Each structure stands twice: as C-alpha cells, then as structure tokens.
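Here the structure comes first, spelled out in structure tokens, and everything after it is commentary.
Residue numbers (this note's numbering), protein chains in the order written: chain V, 40 to 711; chain L, 53 to 310; chain G, 49 to 237.
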C-alpha cells in the first residue's frame, strides 16, 4: 500500500547530507522571507493580478529576468564551489568535496546556466523588446506565453527539488551521456530529475520559440518588411527558428533515455542491442544549435548598442542579416565536432571540421561591420559599449580557440581538456552573457522608467572582464598541459595547482562583479528620481521601442506606429541640420501633439491563471515519474488535459480597451 | 600545423582589434575631431563588405585544406608505417582502471603498459564500463573506448621514457583516479620485461577478471602471467545476443569494429 | 476581419507546431532505422508483423482522414449536424484503428516480444506507440470539438479549431503512411 501511494519515496529521500539540508533550509528561508514581505506589505492580490496571471509580454519578460537572475546566482555558486575544490585538491589533499558530489555540482552548473539562466534572460529580453521593436502590442499567442513562462518556472523549481527530496542530482555531465546515465551505472533518481527538469522547461522553451516566430513573421506593423526589422528582432527570429527546429530533438532524445530508465527499454543501454553512440549524435544535433540559440540574440543586441552609441546606422545591414541566417543554417551541419574522438573515420571528421570552420566567416563579417559602424561615429562609452568592447576582445580569441578545436588532429589532443572548457565559456560568457548584461542595462530605463547607475555598471564590467581573464586564461594553458576537465583530484607532479589557484582568484573577481551588478540595481532603485527617463528615449535611440513612454504603458503603443524605413524611430526625429550634443534625444519634438492623435479601440489579452495550473500538473507528473508513483502520474496527465479543455471553452480571453480610455490615460501623462 | 592556423587567424584578428581600439579612441564623442568627421548615414560600401567576407573566407579555406589533409594523416585508424613490426595491445576500460592484454606475448597488466620504442603500437580498445577515452598526452591522440564496440589507434614513441596516461571522458565516481603509466623501452628491455611478467603469480582467469571488473578506484598496478584465451572476445561480445553456435564468439565481429 | 487575422495567425502557428512534431517523429524514425536490426536474438520484424493487419489499420485510418475531410467541408458550408455526423464517423474509425493497434501490441507482448526484449522492439513500440498516443489525443479532441459545436454552433472560433483539428488528423495520417512503409512493409519484405 505504501509503495502504491508513495512509489519509491522513503524517509531516506529527505535531506540528510550537509548540502541538501543547507540548501533546503536556504530555500525555506527565502520562501518564508518572501511570504512575510508580501503579507506585511499586503501585496498578495497585487502579485497575483499584476504579475503572476498576466499575459502581458512586458510583465512576463520581467518575471523571466527575475527568475533567471536567481538561477544565475545558483549556477554561480556551483561555479565557485568547483573552483575552490579544484584549487585545493592536489596531491594528498582531496579538497572538501568527494568525487560524486563535485560531479553533481558541475552537471547542475552546466544545465542551470544554459537552460535556466541564459535562456531565461534571453526569453525575458525578447518578450520585453521584440514586440515593441516591431510595433506589436502583444505576442501572437498570449496564453502560450504565460504557459511557457510557468513551465520554465516549474522546471527551475524541479531542478532544485532534489535538494529537498531525493538528495542526489545527475552526475554524468550536463548532457548525461549513456551508458553512464542508464540505470546500470546511475541507479538513483539523479538522472531522472535531470530528464524531467529539462523536459518541463524544454516544453516551455518550445512554446516560446513557436510564439516568437509567429509573432515576428505575422505581427509586424504595417510598413515594416523583413528587411526593415531591427537587428535584435532579426537575430531573435533566427534564434527562435533554431529553437523550434532543435528542441523537438532534445525532447525526443531525453524521452528515449527516460523510456530506457522507466520502462526498461533499450535505446541506449549497453546490452540488448542498445546504441549509446546514437544518443551522442542525437543530443549534439540539438546541442550545437542550442549554443547558437544562446549567442545569436546577443549579436543582435550588440548591433543595436553599437549603432545607438555611435550615433550611426549599423554598417552593412544586409550583410548582417545574411550573416545571422548563415550562422543559423550552418549550426545544423557541425554537430559531430563534439565527438571527433569517437572514431568516425577521417572523411566524416574532416567534413564536420571544415563546416565548423566555415561558421567563423559570418561571425568575422559581423565583427568588421560593427567596427565600421564605429568608424566616423560619435561614440559614447556607456556601460553597454564597455560590454561590447569586452565582447569583441574576448570572443575573437575564444573563436580562434574554436577554429583550432575544429581541426580533428588538434582536437584529439584537446578534447575534454580544460582548453575546451575555456573555449566554450569564452563564447557563452563574452558572447551570450555580456550581450545580455549590455541589453539589460540598455533597456532598463524603457522597462522601469529610470536608468541604472553608470559608475557601478562600469565597475561591474571591469570586475567581470578582469575576473574572466584571470579565471580562464589559466584554463587555456592547463589544456595545453594536458589537464582533463571534470577532475576532482590531480597529482602534485602534474603542476596544475598554481593555475587553479589563479583561476580561483579570478572567480572571486567575477563574483564581486555579479554582486556589484546586484548592488547597482539596489542603488539605482533608491536614487531613481535622479535618473528618471522622462522622454522615453534616454539614449537617442533608433528603433521603435524608444518611441513609447518609459515605463511602457500596458497597451504599449497608444497609436500603432507607421514605418517607412529601417531605424524607424530615428526617421521620425525632426531633421538634423545642426549637430546636436551627443546623447540628447530629439524625440520631444513630436510631430503630432497627443490631443490630436487618432486613437482606436485596442483588443487586450486578459489575465489567466490557467498557465500556472497547467504547469503545476505537469510538475506533478514529472515528480511522480521520478519516484514511480503511478497514480500521481495519471493524475498529473488528467489534470493537465483537463486544464487544456477548460481553457478551450473559455470565451473571455480578451477585453477591449476603448479609444476614449486610451486617450484619457495619454492626456493624463505629465509632459516635461 | 596548429601554429600555422593560429598565425593565419591572428592575421585577421589583430587588424580587427586594432581597428576596434583605434576607432573607439579616435571617434569618441568628446573628441572634437570626431565631430568633424561624423558621418551618420555612412552604412554601405559594397567593395569594403566584399573584402571582409573574402578575407575570413580565404583564411578559412586555407585552414580547411590543412584540416582535410591533417585529419587524414592523423587518422587513428591509419596504421603507422615503420620497419619494425607492430606490437598489438588490447585495451579494456573498466570501472576505474585500464586493463591491457598482450595477445602475442600472452601477458596482461593493469594500469601499466610497456612497449618498445620506435615501434608502432596497435591498440585495440573496448570497454566494460561507461564510455571512456584512452589518452597518453605525450604520445598523441586520444580515442574513445566503448562497450559492445572496438576502436583502435596506432601510437609510436620515438624514444624511451615514461608517460602519464589517463581517461578524459567522465565515467563515474572513480574517473579522476583512472590514470596509468605508459613506458616505452628498448627492444631488449621490453623483452626482458615481458619475460619477468610471465613469471608472475597472478593469472587472469575469468573469475579473476570478474573480480577485477567490480568498481574500484585508484587501483595499484597489477601483472598477470597469462589470461583466459577467450577473455577479450568475451568482453567485446558481452552485450551481444546469445550465440546460436557452440563457439562462444560470433562468427562475424566485423559489425562491432568502428 | 479581426477574426480572419486571428485565424490566420492560429493556423500558421499550428503549422509551426506540426513541423516541430514532425521533427520529433523524425528522431523516432531515425532511432528505428538505426536499431531495426538489433533484435538481440529475439523476434525480428518478419517474425511479428502481419501485412494484412497493417493494411487493415492503414485503410481504416485513411478512411477516417476522408471522413475528417467531409466534416471540414460540412463545417465550411455551415452544416452543423453534418459536421457532427462526420466527426463522429472519424472518431469511430480512429477508435477502431487504436483498438487494432492495442490488440497488435498485446499479441506481441503475449509472445514475449515486449519493449524490453530488444532495441528493435523498444524503438518499434515507441515509434508506433507515440503515433497511437497522438491518435488518442485526436480522439479526445473530437469529443471536445463535437461538444463545442453542439453548444455554440459553427462560430468563427469553433470553425477555426476544426480547421486545426483536420490539419492534425491529416498530419497523423501522413506519419502513419511513413510508419506503414518503413516499419511494416520494409520489415516484411
């Protein structure tokens, strides 16, 4: 009876190790603190109505970024733990973590940073900005947007759930390759938690990708052809096309692994005809496009930033579009470079190596176009521009390392070494994260109505840059010395320790940088009156999002904009016969005063809690699947289906905002 | 080859970075010269754009040719040509140690492998463990060792010496301790060594192998004077369907060879 | 006009979803192709599949696609009762298909050819079973659709949903043709 009710759950599944107890306690404390604050300030209803049940992409975008930041700090904590262990664990000392624990930590670190931190930040920024850039008030499918976010949130909770119930996470690396990840070698619940946190959040990602693609293709404002779209929208489109093409592969592959583990099937087992190599191929068929999903939007963010802060149009717009599209297409043709050493034969290896090298071409083209945008511009060195300069400096060398790795002969020596680890971190941090940081600082006033403290922003940047350099240059060197990745211990004679210690100092700088960023938000919020953005266009921007008020009203555009060219907003600014001082916006001189604008009724999407309920049932299903609680799995499925059916009967998913109401709100705004 | 590739790429990267920093300084907003040359609408130059599509393409093309040639030259499946007859050693990756079987010499070792210098060593690899990657950094490429399949690599040490060998693919808790010693010796020393191992008390019977196969970490080196003659074949076909003939090895092992 | 725009977006979005589903099926087909020969001494396709039963299932499903098309035409013409009638026929045929498939699965399991027996069988059950799961979802969809058409008539909202359903059903039909060919036909011949 107990087994029927509780599946494989036992009392032993509850926390009893120092880190599971510690993590559970921290999670509980944070939860209690949040609940206390909400109760004290009487904000429960506000939270529910204004945020959690909203289908407004501007709200959902903020929620993505908040949750992604939390997950980012969790992943960062993992990183610090790894570095300290590796700096300590030489010769007689084995550090403070045993092998299995360290392996769980770097597995979790990879999955959290990729799936929950970076993808969360990106989905947040795309939600916030892309609709504004194309003149749309909402995404194509507002409910799916909410559902996608809540599935992502459910996945984020799920990947932390093992601390509370289960006590172990997957320890086979961030992609859980079989046969190590099969029941034979990983009998616990760790890999199952891995499978379901990725499946649940992956479903959310897929829905989000679908939503963004349809929105960008179908909801651009009149006059904005594809070749007039801002580059951030273009790169978001490319990235989301990659999502919808590649995430089904991840879904299918992890499903097959789960079928092996749960139903005793034999897709990837060592015996009974299973084929572990097939998993490696499939997972990297998803995995390589995934890393481009992470960096392509940042290329778009940098395009916007370089253009705006140089006061010039982006150089070579058509080239940039071609580059983004070719990177998107090429990313499907290179997956084998992740396992040259599996013995595929010279012809196959060489083909994939050459295709990998070809991706360097459009990437290089983009670099030159950015630099030429700066040529004869008037460059303002704001925090976002700092991140751009840091990005180009680091990404160039990281990319060279990548081309080196694309040569199988070199890869045979460098595969699974710390050189590889340094390479991909350079790409994702300087490519993905720096772009995200720059984008957050750049668009912060649009979302909140005030700018971030510039001084702290630049300080945080330098900490990140110096910290990154100090953390990862030793790793490049260690790779050349033959140091393998994922080691929990190494011999003194190897001579690795000094490098690891240097790297550990580097991570401390990065940690300081991250804390400075947090501090920047706190300080800026306190002094928001001084940094208020009253014009809606604090940087003298070029694209449509800067034509709205800051913060953006819930209906985004009072009147749908008209577009006749690229850099649509720049074109509306009154003719520039004299050179204005840099950074002063001309948008105050609006051609049409608000009182004479022609307002229309606006269809708005209504709030709904169904996304939360659906995700909760999916979460329950995942939990039940991990612990083999059959009745709960069925309940989860039935509940989820019931939610879908109930939603399909819902006829009140929209409401009308009348023209009169819009006019009233617009007129009431205080003009400076 | 690595040096050439790096230099070629630097030939593009350094001018790029030079342009970046020069422009950043020269065209900064505070600089009065920047005001004079400010050209907000300058966005296209077909000729220029062709140049920076062409230059990276040219560099990549050169690297691609190098890539093709070196990949074929360094193919792990390519036999090393030498006057000396190759020595064949079978490698089995276990949880968390390496087993070396010398078919011709009739001995087996754990976590220690010796071979003559200036002689091609033909390694045939499989695993009775999760995917592992066999690597002697100072001698050359790594290659994966996977259960139910056989991979191979030819290595050759040009002189005598002792080298560190390791696993680079995570395969469980004992991963970091899965190191071994590879020693290349003169032909005479190698022959003497094999003779001494032949005197060892330990015999690698199937029972001994099954005990060895059990997970263990940081194994000391071990030496066996002989091994069960079906050992490697059994390991390789362990996960194959039960044989229908009385022969314990399936007639055709070709399908398992990578 | 507003409904047309919303309809256009929904249908386009649904096509995008169908393409992602296609990619998912491609992975399952790919796995089947790789593992098809890995019978591990157990039953091979030739030992298990019966051309007549596969053909029967195929004809049943193809006919259901036909009735589904008739339902779509009836909906276009605003004929509520006709729509419901043809949808019910589609349901009956789909349910028959599913029953035949479940019967086939139990026959296999009874002879020891379960999904645990070999990689070939794992991939067979997964590929065909995933298709069957989609059919089951489709059947549920018909029930909900019929109820909505009953209650609300053929409004732009319900008609748009019906269009998406027919896309879904035809898509499953096409996937089945591939399954029939690569799994059953190629397995038996």
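Backbone N, C-alpha and C fix where the C-beta goes; we use that ideal spot for every residue, glycine too. Given the structure is predicted, the values throughout are model-derived calculations rather than measurements.
Contacts around residue 181/V, its chain only, beta-carbon distance under 6 Å, and the 5 residues preceding and following it disregarded: Residues of the same chain with a CB within less than 6 Å of the CB of residue 181/V, apart from the 5 flanking positions on each side, are 94, 644 in chain order.
Inter-residue spacing [alpha-carbon to alpha-carbon] between residue 617/V and residue 482/V: In this prediction, residue 617/V scores a pLDDT of 45, lower than 50, which makes its location untrustworthy; the coordinate-derived value is nonetheless stated afterwards. Computed Cα separation, rounded: 28 Å.
Three-pair Cβ contact test at 8 Å for the stretch 54 to 68 of chain G versus the stretch 123 to 132 of chain G: Output reads no: the stretch 123 to 132 of chain G does not touch the stretch 54 to 68 of chain G.
Best match in 266/L, 230/L, 63/L, 249/L for proximity to residue 530/V [C-alpha to C-alpha]: Considering only alpha carbons, the answer is 230/L.
8 Å Cβ cutoff, residue 89/G in contact with chain L: Yes, contact with chain L.
Three or more C-beta pairs below 8 Å linking the stretch 553 to 562 of chain V and the stretch 495 to 502 of chain V: Yes, the stretch 553 to 562 of chain V is in contact with the stretch 495 to 502 of chain V.
For residue 598/V and residue 388/V, the rounded distance between their alpha carbons: Separation of residue 388/V and residue 598/V (C-alpha to C-alpha, rounded to the nearest whole angstrom) is 56 Å.
For residue 361/V and residue 404/V, the rounded distance between their alpha carbons: Approximately 10 Å between the Cα atoms of the pair.
Rounded straight-line distance, which links the Cα of residue 564/V to that of residue 470/V: C-alpha separation (whole angstroms): 28 Å.
Exposure label - residue 561/V; buried when at least 16 CB within 10 Å: Exposure of residue 561/V is indicated by the presence of fewer than 16 other C-beta atoms within 10 angstroms of its C-beta.
Min CB distance residue 381/V to chain L below 8 Å: Interface residue (Cβ-Cβ distance to chain L less than 8 Å): residue 381/V is classified as such.
Residue closest to residue 187/G, alpha-carbon to alpha-carbon, out of 157/G, 153/G, 112/G: Checking every option, the nearest Cα to that of residue 187/G belongs to 112/G.
Cβ contact (3+ pairs, closer than 8 Å) linking the stretch 142 to 156 of chain L and the stretch 80 to 98 of chain L: Output reads no: the stretch 80 to 98 of chain L does not touch the stretch 142 to 156 of chain L.
Contact with chain V by residue 170/G, beta-carbon distance below 8 Å: Among the residues facing chain V, residue 170/G is included, as its CB has a counterpart in that chain under 8 Å away.
Endpoints, alpha helix (DSSP H) assigned at residue 115/L: Counting along the chain, the alpha helix (DSSP H) containing residue 115/L begins and ends at 98 to 125.
Beta-carbon contacts of residue 111/L that lie in its chain and below 6 Å, excluding the five residues immediately before and after: Within the same chain, 60, 64 come within 6 Å of residue 111/L by CB-CB distance, once the 5 residues on both sides are set aside.
Start and end residues, beta strand (DSSP E) containing residue 184/L: From DSSP, the beta strand (DSSP E) with residue 184/L extends over 184 to 187.
Beta-carbon spacing of residue 168/V, residue 255/V below 8 Å: No, these two residues do not count as a Cβ contact at 8 Å.
Short CB-CB distance (under 8 Å) between residue 93/L and chain V: At least one chain V Cβ lies under 8 Å of residue 93/L.
Short CB-CB distance (under 8 Å) between residue 293/L and chain G: Judged by the 8 Å Cβ criterion, residue 293/L is in contact with chain G.
Residue 44/G to residue 85/G span [Cα, whole Å]: The requested residue 44/G is not part of the displayed model; chain G covers only 49 to 237.
Beta bridge counterpart(s) of residue 153/L as assigned by DSSP: Paired residue(s): 142/L, 160/L.
Within chain V, the residues that residue 166/G reaches when beta carbons sit closer than 7 Å: Ordered by position in chain V, the residues that pass the 7 Å Cβ test against residue 166/G are 305, 311, 312.
C-beta atoms of residue 445/V and residue 176/V nearer than 8 Å: Contact: no.
Near-chain G residues of the stretch 237 to 257 of chain V - C-beta to any C-beta below 7 Å: Answer in chain order: 245, 249, 252, 253, 257.
Run of the alpha helix (DSSP H) containing residue 173/L, from where it starts to where it stops: Looking at the DSSP string, residue 173/L is not in any alpha helix (DSSP H); the run it does join, the beta strand (DSSP E), is 173 to 179.
8 Å Cβ cutoff, residue 301/V in contact with chain G: Not closer than 8 Å to any Cβ of chain G, the Cβ of residue 301/V fails to qualify, so no.
Residue 396/V vs residue 116/L beta-carbon contact at 8 Å: Going by C-beta atoms, residue 396/V is nearer than 8 Å to residue 116/L.
For residue 695/V, three-class secondary structure by DSSP: In the three-state scheme derived from DSSP, where H, G and I count as helix and E and B as strand, residue 695/V is classed as strand.
Where residue 249/V falls, given that 16 or more other Cβ within 10 Å makes a residue buried: It is buried - the Cβ of residue 249/V has at least 16 other Cβ atoms within 10 Å.
Beta strand (DSSP E) segment containing residue 251/L, residue limits: Boundaries cannot be given for residue 251/L, as no beta strand (DSSP E) includes it and DSSP labels it neither H nor E.
Contact with chain V by residue 65/G, beta-carbon distance below 8 Å: With 8 Å as the cut-off, residue 65/G counts as an interface residue toward chain V.
Residue 97/G, enclosing alpha helix (DSSP H) - first and last residue: For residue 97/G, there is no enclosing alpha helix (DSSP H), as DSSP gives it neither H nor E.
The stretch 125 to 138 of chain L: positions lying closer than 8 Å to chain V by Cβ: For the stretch 125 to 138 of chain L, the beta-carbon criterion of a distance under 8 Å to any beta-carbon of chain V is satisfied by 125, 126, 127, 128, 129, 130.
8 Å contact criterion, which residue 243/V and residue 163/V should meet: CB distance rounded: That belief does not hold up - the Cβ atoms of residue 243/V and residue 163/V are roughly 13 Å apart, past 8 Å.
Expected contact under 8 Å - CB spacing of residue 251/V and residue 232/V to nearest Å: Contact check for residue 251/V and residue 232/V: beta-carbon distance about 28 Å, past the 8 Å limit, so the pair fails to qualify.
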